[in-house]
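K.L.:
This is the structure I want to talk about, given as structure tokens.
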Amino acid sequence: MADNHSGNILITSSLSALTPTPYESIYGPTRAFMYSFAQGLREEMREHGVNVTALLPGATATEFHDRAGMQNTAFGDNSRKTDPALVARLGVEALFEGEDHVVGGRARTRRNAWKHRLGSEESKARRFAKLSRPR
Numbered sequence: 000m001a002d003n004h005s006g007n008i009l010i011t012s013s014l015s016a017l018t019p020t021p022y023e024s025i026y027g028p029t030r031a032f033m034y035s036f037a038q039g040l041r042e043e044m045r046e047h048g049v050n051v052t053a054l055l056p057g058a059t060a061t062e063f064h065d066r067a068g069m070q071n072t073a074f075g076d077n078s079r080k081t082d083p084a085l086v087a088r089l090g091v092e093a094l095f096e097g098e099d100h101v102v103g104g105r106a107r108t109r110r111n112a113w114k115h116r117l118g119s120e121e122s123k124a125r126r127f128a129k130l131s132r133p134r
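Anchor point for the sequence shown: position 46 equals 45 in numbering that gives the first Met the number 0, and the numbering is continuous, going up by one each time.
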């Protein structure tokens, strides 16, 4: 891509990159790494004409929490989660529009992204723990 001075890279991170993640204490930091990696790579690739976009989905209706054994948490309920097709569409649209990142989800997910950016780390950790703590 760099040699051709053309291309696009979409890197999946998560809204969890923006908040402490009690009971998912490995997941959140790995998503934070991916977000930071995407932003750094974006700057490195700029001079080569390659766009890099980070996709930050919120809670998405997949088997993720089932596979993680988290059915007994608020995150285990898929009924209020975003359709993965919408998340994918938003990611691809942002990629081809040259955006640096996009929050993948409906309006509620985008509001959560603002809460993650504005709240104290302590308040964000408490709120996340309520959702991720086993019942």
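In this text, a Cβ means the ideal position worked out from N, Cα and C, and glycines have one as well.
To the nearest angstrom, report how far apart Glu46 and Ser78 are at their CA atoms.
P.N.:
Those two C-alpha atoms are separated by around 43 angstroms.
K.L.:
Closer than 7 angstroms by C-beta to His4: which residues in its own chain qualify, once you throw out the five before and the five after it? Chain order, please.
P.N.:
Answer for His4: His47 and Gly48, listed in chain order.
K.L.:
Can you tell me whether Asn7 is helix, strand or coil according to DSSP?
P.N.:
Note: Asn7 maps to strand in three-state DSSP.
K.L.:
If I'm right that Leu40 touches His100 with Cβ under 8 angstroms, what's the distance once you round it to whole angstroms?
P.N.:
The Cβ separation is near 12 angstroms, so there is no contact.
K.L.:
Output needed for Asn50: all residues of its chain with C-beta closer than 6 angstroms, excluding positions within five of it in sequence on either side, in chain order.
P.N.:
Excluding sequence neighbours, Asn50 sits near Asn7 and Gly97.
K.L.:
Do you know whose CA, among Ala112, Glu120 and Ser131, lies nearest Ser13's CA?
P.N.:
Considering only alpha carbons, the answer is Ala112.
K.L.:
Roughly how many whole angstroms lie between the Cα atoms of Leu94 and Tyr34?
P.N.:
Rounded to whole angstroms, Leu94 to Tyr34 spans 14 angstroms at the Cα level.
K.L.:
Our contact map puts Leu130 next to Ala73 with C-beta atoms below 8 angstroms; I'd like the distance itself, whole angstroms only.
P.N.:
About 4 angstroms separates the two Cβ atoms, so the contact holds.
K.L.:
Which partner residues does Asn50 have in the DSSP bridge list?
P.N.:
Paired residue(s): Asn7.
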